[in-house]
Amino acid sequence: MGIKPGSQGSTTLSDGTEVQMPLLTYAARTFAAFFTISAGKARALLPSDELRPVRISPRRALIMVQAMEYTDKNIEPYREFAFSIPVRRSSYPDIPGLSFVNWLTGDGSASYITHLAVDTAQALLIGWEILGFPKFIAEIELSESGTERIAEATLDGESIFAFAVAKTSSQKEQQRDFSIYSLSPEENKLFEIPYQSATTVGTKLGASSARLHLGSHPVADELRDLDIAPVPVLALDIPQYTLISNRPTAKIDVGDWRDPRGVYRELRAAGRAETPGATTSSGIRTRRASRSSAYGRSGTDRADV
Numbered sequence: 006m007g008i009k010p011g012s013q014g015s016t017t018l019s020d021g022t023e024v025q026m027p028l029l030t031y032a033a034r035t036f037a038a039f040f041t042i043s044a045g046k047a048r049a050l051l052p053s054d055e056l057r058p059v060r061i062s063p064r065r066a067l068i069m070v071q072a073m074e075y076t077d078k079n080i081e082p083y084r085e086f087a088f089s090i091p092v093r094r095s096s097y098p099d100i101p102g103l104s105f106v107n108w109l110t111g112d113g114s115a116s117y118i119t120h121l122a123v124d125t126a127q128a129l130l131i132g133w134e135i136l137g138f139p140k141f142i143a144e145i146e147l148s149e150s151g152t153e154r155i156a157e158a159t160l161d162g163e164s165i166f167a168f169a170v171a172k173t174s175s176q177k178e179q180q181r182d183f184s185i186y187s188l189s190p191e192e193n194k195l196f197e198i199p200y201q202s203a204t205t206v207g208t209k210l211g212a213s214s215a216r217l218h219l220g221s222h223p224v225a226d227e228l229r230d231l232d233i234a235p236v237p238v239l240a241l242d243i244p245q246y247t248l249i250s251n252r253p254t255a256k257i258d259v260g261d262w263r264d265p266r267g268v269y270r271e272l273r274a275a276g277r278a279e280t281p282g283a284t285t286s287s288g289i290r291t292r293r294a295s296r297s298s299a300y301g302r303s304g305t306d307r308a309d310v
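When the letters of the sequence shown are read in order and numbered with the working numbering, they come out as residues 6 to 310.
Given below as structure tokens:
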């Protein structure tokens with residue numbers, strides 16, 4: 006990568022662990038899909054007038070659903086899922102449809118995190134104490150069939166979602182610089198975190214590219230309220246990527262803005278109160294002594310989504 010851990014200094018987490026920054030991902034897998042959502046509801050989730058949702062039509066914005074598995078990193082391996090809204094700075098022109106094409110193909114694109122979960126305590130603490138990511142702990146299972154990559158997330162025995170993306174037969178190499186925005190759970194400020202990535206990515210358009218089923222957990226109800234379309238716009242199949250996760254470069258004061266995601270807010274607070282530790286109140290393990298990749302399972306492990 007050309008960058009060494011520690012070049013941006015180190016941070017000692019509240020559990021005593023020292024973390025070198027930037028975070029360097031040497032090997033990871035991910036898959037994602039874009040669905041349309043209500044542009045008005047997307048706008049209501051953004052805590053600053055400096056951000057606007059990228060629209061695909063005058064009344065429809067987008068949400069990206071993504072599952073990730075970090076297998077080789079300068080911290081312990083973990084899994085993650087994210088729901089995020091592609092955004093643009095308010096000073097940029099907005100042409101519905103074309104703005105999304107530019108977001109997909111150009112450097113400097115950005116997303117705002119709406120819901121984010123991981124499956125280890127270390128990843129949770131790094132999110133809270135360094136990156137401003139309001140993460141919570143969930144059980145995240147990854148598998149695959151002959152044609153799909155599959156993610157299932159549960160909490161307290163209830164399904165948050167089941168999600169599947171079609172495998173692609175060909176991929177191309179791509180390098181991108183992008184930013185992630187997140188409302189820090191500790192400072193009530195909007196953080197901007199810059200990333201650099203190198204991916205092997207395949208793209209598929211249309212209804213057969215992905216499937217999403219929201220479950221019965223209250224988090225799923227909160228997501229359902231965004232009016233997520235049943236049919237995806239496109240999906241990304243990324244069997245390999247590397248990533249540089251930098252320290253936040255901007256912190257924007259949002260004043261007395263109140264996060265409307267009440268269920269998500271309560272989950273974050275509960276999870277934060279219980280770390281560092283071995284389990285959440287529901288008994289989910291937050292540290293795994295060992296883990297083998299779920300990829301490569303047979304089709305009998307396929308989730309029905």
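The beta-carbon is built from N, C-alpha and C at its ideal position, and this holds for glycine as well.
Remember, it's a predicted structure, so these values are computed and weren't measured experimentally.
Residue i - partner residues in DSSP beta bridges
i	result
E157	E146, A167
T74	Before going further, note that residue 74 is Glu rather than Thr in the sequence given. According to DSSP, E74 bridges with R34, R84.
D242	F36, G207
V92	P58, A115
K177	V206
Alpha-carbon to alpha-carbon, residue j and residue i
i	j	result
V259	S175	43 Å
T173	D261	45 Å
A90	F36	Correcting the residue identity first, residue 90 is Ile in this sequence and not Ala. Answer to the nearest angstrom: the Cα atoms are 16 Å apart.
F86	I118	11 Å
Q71	G267	22 Å
E271	G45	24 Å
S148	D124	16 Å
E144	L210	29 Å
A158	F168	9 Å
D230	S221	13 Å
P190	I135	11 Å
Q25	A275	27 Å
G14	T22	14 Å
P265	R48	12 Å
Test item: CB-CB of residue i and residue j under 7 Å
i	j	result
L219	A225	yes
L28	S250	yes
A38	V206	no
P237	A215	yes
S202	F138	no
D232	S114	no
Answer yes if the region 90-101 comes into contact with the region 55-74, meaning at least three C-beta pairs across the two stretches below 8 Å, and no otherwise.
Contact between the region 55-74 and the region 90-101 is present, because at least three Cβ pairs lie under 8 Å.
Stretch pair the region 180-199 + the region 237-246: three plus CB contacts closer than 8 Å:
As far as the Cβ criterion goes, the region 180-199 does not touch the region 237-246, which means the pair count is below three.
Touching by the beta-carbon criterion (3+ pairs, under 8 Å), the region 76-86 and the region 116-130:
They touch, by the three-pair rule.
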